[in-house]
Structure formats: structure tokens, C-alpha cells
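In short: position in the sequence shown from 1, add 14, done, that's the working numbering. In what follows, a single structure is set out as C-alpha cells and then discussed.
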Amino acid sequence: MNPEYDYLFKLLLIGDSGVGKSCLLLRFADDSYVESYISTIGVDFKIRTVEQDGKSIKLQIWDTAGQERFRTITSSYYRGAHGIIIVYDVTDQESFNNVKQWLSEIDRYASDNVNKLLVGNKCDLTANKVVSYETAKVFASLFLGRVV
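Below, the structure is given as C-alpha cells:
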């Protein structure tokens, strides 16, 4: 048992380029926000430790590049993942349509029992929203099995 933490979980952020994966990672890990980002090249990761029910849980969160040319790099990072967060941009219909392709990658590379979470990002841009919560909820119930 590691004295620094009781549990260690590897989580992946995946989704198309520009959907805000790096933004989500920085907000969660460092509680910071930067208006503009440089595209992730390959893979980046951050660590955050949280307390839950008196247990220390270390979250290792991997931010993968969404660009096609980096898909072969990211495939090796699916191995050993406990959870995969699929991110789409609510203002970009194509990024939502591509979620099925990301789910295919998960099926191909990740373990069968990996936990999956669908996240619609950029919800603050309400005037530009093209993917409704209801649409995403129906999709999640059909393809992920349950909705929270």
C-alpha cells in the first residue's frame, strides 16, 4: 500500500480537437482557466488527489490529442485506464457526431469493463448551442447504458 494514497485511478480525456479537453483538465487539476490553448501534441497528464470517505484517491488524468495524426499515439494510453471521459463541444455538431468513433476506439483499445462518461463542454456558450442536453442524454442511454 502506498502511504501517499489509498487508491490510484487512471482517467483519459478523449474527443475531437478543440472541444476543450485541456481546459477541463486544467480547471479540475489546477483550478485555472486560460482563454486560448496550444493544441496538445501527443499526450499530457495532471495529477489531483481527492479525499472521499476518509480515503485518499489519486487521479492521474491523461489529456490526449484529438487530431487524427496522433490517434496511433493515443491507442497505447487506453491500456490500464479505469475511466474514459469522452468530451464533445455543445456548439459543434460534428464533435458530437464523432463520439461514436471515439466509442469504437474505446471498444478496440480499452478493457471491457472500463467506465465511460460523456461530457458536453462549452455549455456557457448558450447562444451557439447546437447539441441539446436531451439529445446527449438519449445518446448516452443508448450507447453508454445509463445516464446520470
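Ideal placement from N, C-alpha and C gives every residue a C-beta, glycine not left out. Every value quoted in this text rests on a predicted model; they were computed, and no experiment measured them.
Whether residue i touches residue j by CB criterion (9 Å)
| i | j | result |
| --- | --- | --- |
| residue 25 | residue 95 | yes |
| residue 92 | residue 123 | yes |
| residue 145 | residue 107 | yes |
| residue 132 | residue 105 | no |
Reference residue i, options the options, closest by Cα
| i | options | result |
| --- | --- | --- |
| residue 156 | 130, 135 and 141 | 130 |
| residue 74 | 67, 66, 62 and 111 | 62 |
| residue 70 | 17, 136 and 117 | 17 |
| residue 126 | 66, 33, 97 and 68 | 97 |
Residue i versus residue j: straight-line alpha-carbon distance, rounded
| i | j | result |
| --- | --- | --- |
| residue 22 | residue 77 | 17 Å |
| residue 64 | residue 43 | 10 Å |
| residue 143 | residue 20 | 40 Å |
| residue 35 | residue 113 | 14 Å |
| residue 150 | residue 67 | 31 Å |
Beta strand (DSSP E) segment containing residue i, residue limits
| i | result |
| --- | --- |
| residue 20 | Careful: residue 20 lies outside any beta strand (DSSP E) and carries neither H nor E. |
| residue 103 | 97-103 |
| residue 78 | 69-78 |
Any non-hydrogen atom of the ligand SAM within 8 Å of residue i CB
| i | result |
| --- | --- |
| residue 98 | Ligands in the displayed structure: none, and consequently the ligand SAM is not present. |
Beta bridge counterpart(s) of residue i as assigned by DSSP
| i | result |
| --- | --- |
| residue 106 | Bridge partners of residue 106: none, in fact. |
Start-to-end residues for the alpha helix (DSSP H) that takes in residue i
| i | result |
| --- | --- |
| residue 139 | No alpha helix (DSSP H) holds residue 139; DSSP gives it neither H nor E. |
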